[in-house]
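The structure under discussion appears below in the form of structure tokens.
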Amino acid sequence: MFIGMIGMTYTSGLSAIWLALGWILGDFIANFIAVKKIQIIGHQKNIQSYGELLASWQGKNFKKIRVLAGFLTLIFLVVYAAAQLKAGSKATETMLDWSASSGIVISAMIILAYSFVGGLRASIWTDVAQSIVMISGMLLLLWVGTHHFGGITNTLAKLQLVSETYMNWFSGTYFEWLLFFSGWVFGGLGVLGQPHIVIRFMTLDKVENVNKMRLYYYFWFLIAFLATIGVGLLTRLAIPESAGFDAELALPTMANQLLPEFLVGMVLAAMFAATMSTADSLILACSAAITKDLLPHKKFNLITTKLITLSILVCATLMALSNNDTVFTLVLYAWGILSSAFVPLILIYAFNKPITEKLALMMIISGPIGYLFWKHSDNSALIYAVALGVMSGLLVYFIGQFQIKRIKHD
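Per my numbering: the sequence shown = residues 582 to 991.
In structure tokens, the structure reads:
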């Protein structure tokens, strides 16, 4: 999201801010609705995986749900991790002139080291350090870039000259903006469908600390997003748009142009932090999916668990090194399919609505179908497809409940 947001701002201009604000709003709604309940249930039932959470939320044991959730987690998060490793290699390739494979392998080795030493706890603490590096890198580049282009007033004037629409707050009609913004609210809501993130919610020590967590989290989230958009705008001044330029390389390219070598290193660290802070969480979530969801009755000792984690990381690394277009096409669908599959079910759980395992399975299947249908339709640019995926899953639930009530009434 960090690198991609800069690329989108570079291409689209100021109107990209609505993606960020929509995402934050959706994330906040998800947090407000479900996080406390996830934390309470996770502690009460000693839940250790995302699939286990979905299967036992209502005190039942939905075995098929658990296996399906574990399978989807493993498939999509492995390729997601591969994409994160690949994204990190873009930084070393542009800024250090290393081969892409060198950046991938080094990232994988660093992740392996601290994941082996401390597992999820190490992942969480390194995420804290990595987030500080990321935000510091963005604020540094924002300050240096603004100074380089003549201060705030001159920078804004130059941005106005990029194109007639580049600094417009809105793109298209009001209705088109509303659809765009609403779609990304659903995108933020999709956080509830991401196993590697929801697992973090379950690790909160006390429910009383949730509000404190929200304060810290959204304060830094907002600063990071706004700084990222600011840097994205500056990259357009540093690198005028040209055919064939990869917008995701805008950040390292600008850093090389404007910063002395030792500060380029800080931006490089920020880019590495952005990719590794996600990749390590993905690898550990995949490991939990195998040991807790796909093989829940098998006991694994510490060494075996570490070997499973190693195997997943090796698999993700090989995918990243292969540069296979099919693998990276799957990544484009990972967030959307997982959100569409699981968010409707978690919302039903969070509002304490009754559900059968059969209906839950139908929701998990119908959500991605709705997502894929809209993503490949002629109107897919109007609204982020996750919105249609989530609504499809919820629609199936309400139709199913109506049928159940009608059968009972008859």
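Yeah, the Cβ is synthetic: ideal placement off N, Cα and C, and Gly gets one too.
Chain-order list of residues whose beta-carbon lies under 8 Å from that of residue i (same chain, five-residue window excluded)
| i | result |
| --- | --- |
| Gln620 | Phe782, Met783, Leu785, Val788, Val791 |
| Val659 | Leu863, Cys867, Ile893, Cys896, Ala897, Met900 |
Residue i: CB within 7 Å of a non-hydrogen atom of the ligand NAD
| i | result |
| --- | --- |
| Gln620 | The model depicted lacks the ligand NAD and carries no ligand whatsoever. |
Chain-order list of residues whose beta-carbon lies under 6 Å from that of residue i (same chain, five-residue window excluded)
| i | result |
| --- | --- |
| Asp625 | Looking at the sequence itself, residue 625 is Gln, so the reference to Asp does not match. Counting only Cβ-Cβ distances below 6 Å, and skipping sequence neighbours, we find nothing. |
| Leu818 | Phe730, Lys739 |
| Leu720 | Ala808 |
| Gly651 | Gly632, Ala870, Asp874, Leu875 |
Beta-carbon proximity check, residue i vs residue j, cutoff 8 Å
| i | j | result |
| --- | --- | --- |
| Ala850 | Gly718 | yes |
| Ser596 | Trp750 | yes |
| Val779 | Tyr965 | no |
| Thr809 | Ile820 | no |
| Gly813 | Thr654 | no |
| Lys887 | Phe697 | yes |
| Ala941 | Gly774 | no |
| Ile622 | Trp638 | yes |
| Pro1048 | Val971 | This structure leaves residue 1048 out entirely; the chain is present only between 582 and 991. |
| Phe762 | Trp599 | yes |
| Asp959 | Glu633 | no |
Nonlocal neighbours in the same chain, by C-beta distance under 7 Å from residue i, ignoring five residues either side
| i | result |
| --- | --- |
| Met857 | Gly669, Ser688, Ile691, Ile692, Gln711 |
| Phe977 | One detail in the question is off: residue 977 reads as Val in this sequence, not Phe. The answer, listed in chain order, is Met943, Met944, Ser947. |
| Tyr661 | Leu863, Val912, Ala915 |
| Leu902 | Ser682, Ile685 |
| Gly811 | Leu723 |
| Asp678 | none |
Residue i versus residue j: straight-line alpha-carbon distance, rounded
| i | j | result |
| --- | --- | --- |
| Met715 | Ala805 | 8 Å |
| Pro776 | Gly974 | 18 Å |
| Gly951 | Ile733 | 45 Å |
| Glu745 | Leu891 | 51 Å |
| Ile945 | Ala636 | 12 Å |
| His878 | Ile628 | 14 Å |
| Phe800 | Ile587 | 20 Å |
| Leu760 | Gly846 | 40 Å |
| Val648 | Asn933 | 23 Å |
| Phe881 | Leu803 | 41 Å |
| Phe979 | Ile884 | 46 Å |
| Leu992 | Lys986 | Residue 992 falls outside the range modelled here, since the chain spans only 582 to 991, and no answer is possible. |
| Leu919 | Val772 | 9 Å |
| Ala870 | Ile646 | 12 Å |
| Met794 | His990 | 46 Å |
| Asn904 | Ile656 | 17 Å |
| Pro935 | Met852 | 44 Å |
| Gln984 | Met748 | 51 Å |
| Ala663 | Ala611 | 27 Å |
8 Å Cβ cutoff, residue i in contact with chain B
| i | result |
| --- | --- |
| Lys939 | Of the protein chains in the structure, only one exists, and it is not chain B. |
For the region 834-846 against the region 722-731, do three or more pairs of beta-carbon atoms, one drawn from each stretch, fall closer than 8 Å, so that the two count as touching?
yes
List in chain order: all unbroken beta strand (DSSP E) runs of 3+ residues lying wholly within the region 709-756.
none
In chain order, which alpha helix (DSSP H) runs of at least 4 residues are fully inside the region 618-697?
631-637, 644-676
Can at least three beta-carbon pairs, one atom from the region 761-777 and one from the region 596-610, be found at a separation below 8 Å?
yes
At 4 residues or longer, what runs of the alpha helix (DSSP H) sit wholly inside the region 871-954?
883-903, 906-931
At what residue ranges does the region 813-869 contain a whole run of the alpha helix (DSSP H), taking only runs of 4 or more?
831-839, 842-869
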